[in-house]
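To keep things clear, I will list the structure first and then write my remarks on it.
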Amino acid sequence: MMKHPGRTIKRRQHSSALLSKKTIQKFITIKTGFRETVVINKQFLPNTRYQEMGLGTLIRDPSDTMESNCPFHPNCFEGLASGTAIEIGYYTKAINLPADHPAWEKKANYIAQGVYQMMLAQSHDRIIIGEGVMKQTQLLPKIKQNIKALLNG
Ligand SMILES: [Zn+2]
505 MMKHPGRTIK
515 RRQHSSALLS
525 KKTIQKFITI
535 KTGFRETVVI
545 NKQFLPNTRY
555 QEMGLGTLIR
565 DPSDTMESNC
575 PFHPNCFEGL
585 ASGTAIEIGY
595 YTKAINLPAD
605 HPAWEKKANY
615 IAQGVYQMML
625 AQSHDRIIIG
635 EGVMKQTQLL
645 PKIKQNIKAL
655 LNG
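Residue numbering for the sequence shown is 505 to 657, as defined by this note's numbering.
Here it is, written out as structure tokens:
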């Protein structure tokens with residue numbers, strides 16, 4: 505029986521379908537904060553329980569004047585891209601922003617920067633991003649587009 509070390513990634517996400525043939529997988533949740541864990545050969549990597557990639561520095565969009573959600577970092581992932589960051593920056597919950605709101609372009613860029621940094625740090629076979637902010641279906645294609653641009657330099 506596999507036990508999950510993370511706080512926010514729910515057990516239901518780790519069905520046998522998700523933990524398939526891919527050997528190194530990263531699970532990321534973006535809700536009020538940012539959580540991540542790594543699964544290698546269907547086993548959770550123990551020391552990923554307290555990874556803090558959410559504190560990684562991002563390049564802020566020059567037109568983005570919103571306050572960071574993080575009291576310590578003006579440009580960290582959690583401070584710019586979490587659900588709480590959206591709520592503080594736009595005075596409403598992410599679910600209330602329309603799909604074509606300009607905020608999503610900025611958030612997709614921020615999330616892509618964070619995922620890109622993780623891709624450079626570890627060679628994952630698959631990265632799964634979910635929950636909270638990621639329920640906005642318009643985000644994933646934009647994130648993929650931004651990651652592709654970052655990878656191509
Ligand atoms: Zn921070």
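All C-beta atoms, glycine included, are put in the ideal place defined by N, C-alpha and C.
Practice prompt. Mind checking who C580 pairs with in its DSSP beta bridge?
Written response: Answer is T561.
Item to complete: Rank E582, I615 and L624 by C-alpha distance to the C-alpha of C574 and give the top, closest one.
Response: Closest by C-alpha distance to C574, out of E582, I615 and L624, is E582.
Fill in: Beta-carbon proximity list for E556, same chain, < 6 Å, skipping 5 on both sides
None.
Fill in: Contacts around L549, its chain only, beta-carbon distance under 8 Å, and the 5 residues preceding and following it disregarded
T541, V542 and V543, listed in sequence order.
Fill in: Residue range of the alpha helix (DSSP H) that includes E540
In the DSSP annotation of this structure, E540 is not part of any alpha helix (DSSP H); the continuous beta strand (DSSP E) holding it starts and ends at F538 to I544.
Discussion item. Just verifying my parser: in three-state terms, what is the DSSP assignment at K611?
Written reply: Three-state DSSP puts K611 in a helix.
Worksheet item: Under 8 Å, do W608 and Q649 count as touching if we go by C-beta distance?
Response: Against a cut-off of 8 Å, the Cβ pair of Q649 and W608 comes out as no contact.
Practice prompt. With a 10 Å radius around its C-beta and 16 neighbouring C-beta atoms as the bar for buried, classify D604 as buried or exposed.
Written response: Its Cβ having fewer than 16 others within 10 Å, D604 is exposed.
Practice prompt. Please name the residue or residues paired with T533 in a DSSP beta bridge.
Written response: BP columns for T533 point to R539 and G634.
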